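A short write-up of the structure that comes next.
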Amino acid sequence: MTRRNDGTTRVTIADVAARAGVSLSTVSRALNGNPTVDPALAERVKDAAAALDYTASPVARSLVLGRTQTVAVVVPDLGNPTFQEVLRGLSRAAAADDYHVLVADSAESVDEERVLAGTTRRRTDGVILCAPRLPQDELDRLVGGLRPVVLINRTAGEAPSVRADYRSALTAELELLHELGHRRIVYLAGAPRSVANAARLAAIAEFVAEHPDTEVAEIPCGVDFESGASAGAAVLASGATAALAFNDLVAMGLLSAVQESGCRIPADLSIIGFDDIPFARYTTPPLTTAAVPAAELGAQAWARMRELLEGAEPGEPLTLLPELTVRGSTGPAA
Numbered sequence: 001m002t003r004r005n006d007g008t009t010r011v012t013i014a015d016v017a018a019r020a021g022v023s024l025s026t027v028s029r030a031l032n033g034n035p036t037v038d039p040a041l042a043e044r045v046k047d048a049a050a051a052l053d054y055t056a057s058p059v060a061r062s063l064v065l066g067r068t069q070t071v072a073v074v075v076p077d078l079g080n081p082t083f084q085e086v087l088r089g090l091s092r093a094a095a096a097d098d099y100h101v102l103v104a105d106s107a108e109s110v111d112e113e114r115v116l117a118g119t120t121r122r123r124t125d126g127v128i129l130c131a132p133r134l135p136q137d138e139l140d141r142l143v144g145g146l147r148p149v150v151l152i153n154r155t156a157g158e159a160p161s162v163r164a165d166y167r168s169a170l171t172a173e174l175e176l177l178h179e180l181g182h183r184r185i186v187y188l189a190g191a192p193r194s195v196a197n198a199a200r201l202a203a204i205a206e207f208v209a210e211h212p213d214t215e216v217a218e219i220p221c222g223v224d225f226e227s228g229a230s231a232g233a234a235v236l237a238s239g240a241t242a243a244l245a246f247n248d249l250v251a252m253g254l255l256s257a258v259q260e261s262g263c264r265i266p267a268d269l270s271i272i273g274f275d276d277i278p279f280a281r282y283t284t285p286p287l288t289t290a291a292v293p294a295a296e297l298g299a300q301a302w303a304r305m306r307e308l309l310e311g312a313e314p315g316e317p318l319t320l321l322p323e324l325t326v327r328g329s330t331g332p333a334a
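If you want it as structure tokens, here you go:
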């Protein structure tokens, strides 16, 4: 045992080795679960450690394993409840495997995202990029230097990926509005560099081509509550009978602004969001939206990262389909 400056003693790995009658390396391998240690010997080491009340230093453990037991996650906006839910699913799954999660927010900045991806990877065992905003050619180049790396809502090279099918989900929203008789619709667009926004625009273009009786006009907007509220006047001036918002935050901002102007929802205007964040069902009226399985995306991203850390081959890309959730903010066209 070693004596601390305050006069107390600390049990060391050498004490465990002496009690168990083995080498220091055997103690280290046994306590770290190395399968090369004879099971009976490993049990003897663990009994010795328990008898001495020995606790391994996390720093020493990391040095022995050559790992930090931490992965990094880079997200574009921590203020968005959808990304919070992704992190919740990911961090809980990682914690079950004794891993910690380091979170970095790029604040929708491509430059910041590029820097954060590199710096966090150097401090952790792997990095998970959640909905990165980088252009595809840059992302393709970046992931090669980040391995192990997992992508959420993007694909690049052979990096494992999990994503939500935004295109199919938005098509389902458009079909709902069409069935309700809406022929003049506006779309409040998200961040220009967002792949999710591009998927929505592709769904709109395809739908309009197949339904020439329907017009969908794009209004540049954003990704937060304030952006949706600021678009209220433009939506009312458009003469549209329905509005598709990039996400629920935008939809909620729009809902608040147009109702303050005397617009009745859904009698005068139907509004649809996207994501089904926890607040969506509590708006007045409750918000129709597409429920994205965000927590499952996070949990599945960790499962793929764990496979990489264990030396397995990258798994097949996984696609989850958001579910259309119809509530009171949509109704027949006026």
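Numbering (the UniProt record's numbering), first residue to last: 1 to 334. Positions of the beta carbon are idealized from the N, C-alpha and C atoms, including for glycine. Quantities reported herein were computed from a predicted structural model and do not represent experimental measurements.
What whole-angstrom Cβ distance do residue i and residue j have, given they're in contact under 8 Å?
i: residue 223; j: residue 273; result: Wrong, their Cβ atoms sit about 12 Å apart, outside the cutoff.
i: residue 139; j: residue 298; result: Not confirmed; about 20 Å, so no contact.
i: residue 180; j: residue 330; result: 7 Å
i: residue 127; j: residue 133; result: So it is not a contact: roughly 15 Å between Cβ atoms.
In or out: residue i buried (at least 16 other Cβ within 10 Å) or exposed?
i: residue 141; result: exposed
i: residue 294; result: buried
i: residue 14; result: exposed
i: residue 280; result: buried
i: residue 50; result: exposed
i: residue 276; result: buried
i: residue 300; result: buried
i: residue 248; result: buried
i: residue 284; result: exposed
i: residue 326; result: exposed
i: residue 270; result: buried
i: residue 145; result: exposed
i: residue 323; result: exposed
Can you name the start and end residues of the beta strand (DSSP E) that residue i belongs to?
i: residue 223; result: First-last for residue 223: undefined, no H or E at that position.
i: residue 187; result: 184 to 189
i: residue 152; result: 149 to 152
i: residue 320; result: 318 to 320
Secondary structure at residue i, three-state DSSP: helix, strand or coil?
i: residue 269; result: coil
i: residue 73; result: strand
i: residue 127; result: strand
i: residue 102; result: strand
i: residue 110; result: helix
i: residue 245; result: strand
i: residue 290; result: strand
i: residue 276; result: coil
i: residue 82; result: helix
i: residue 325; result: strand
i: residue 169; result: helix
i: residue 179; result: helix
i: residue 250; result: helix
i: residue 27; result: helix
i: residue 158; result: coil
i: residue 303; result: helix
i: residue 217; result: strand
i: residue 334; result: coil
How would you write the range of the alpha helix (DSSP H) that residue i sits in, first residue to last?
i: residue 163; result: Counting along the chain, residue 163 falls outside any alpha helix (DSSP H), though it belongs to the beta strand (DSSP E) covering 161 to 164.
i: residue 206; result: 195 to 210
i: residue 264; result: Residue 264 -> no alpha helix (DSSP H), and no H or E assigned at all.
i: residue 141; result: 136 to 144
i: residue 51; result: 39 to 51
i: residue 16; result: 13 to 20
i: residue 232; result: 232 to 238
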